[in-house]
Amino acid sequence: MKHEAIYNLYPNVTHITEDDGLFTALDINEQEVSIDMDAVNTKATELQTAYDNEQETLKTNKVSAYRKMEMTDDEILAIDPTLEEYL
């Protein structure tokens, strides 16, 4: 998520290298772009939270759809075992 956070915060960054946890962001001219890692970490956390919420909603909606088709828990789990915690 940190790469995605950097791209979100610094639109002029075209690629990123990472060596032992140190990120180097480069622009189209291969010039290093200064990045604020505190801002990157905050944005990465926001992006991860948004992704997690999306996944949660997706799984909840799947279970809801299966329930509307009057499927049993066993039938739902046979189709998608990852939904067990949502049953």
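In our numbering, the protein residues as written are 751 to 837.
Just so it is clear, CB atoms sit at the ideal spot from N, CA and C, and this is done for glycine as well.
Please read these numbers as outputs of a predicted model, since none were measured by experiment.
(1) From which residue to which residue does the beta strand (DSSP E) around residue 777 run?
(2) Extract the residue ranges of the alpha helix (DSSP H) inside the region 752-833, only unbroken runs of 4 or more that lie entirely within it.
(3) Assuming residue 829 contacts residue 837 under a Cβ cut-off of 8 angstroms, what Cβ separation, rounded to an integer in Å, is found between them?
(4) Run the CB neighbour count on residue 801, radius 10 Å, all protein chains shown included, and call it buried at 16 or more, exposed below.
Quick look at the numbers:
(1) Taking the sequence shown and counting its residues from 1, the one referred to as residue 777 is at position 27. That run of the beta strand (DSSP E) goes 772-777.
(2) Within the region 752-833, the complete alpha helix (DSSP H) runs of at least 4 residues fall at 752-759, 787-818, 823-829.
(3) Taking the sequence shown and counting its residues from 1, the one referred to as residue 829 is at position 79. Taking the sequence shown and counting its residues from 1, the one referred to as residue 837 is at position 87. The distance from the Cβ of residue 829 to that of residue 837 is about 12 angstroms, inconsistent with a contact at the 8 angstroms cut-off.
(4) Along the sequence shown, read from residue 1 onward, the residue named residue 801 stands at position 51. Looking at its Cβ environment, which holds fewer than 16 other Cβ atoms inside 10 Å, residue 801 is exposed.
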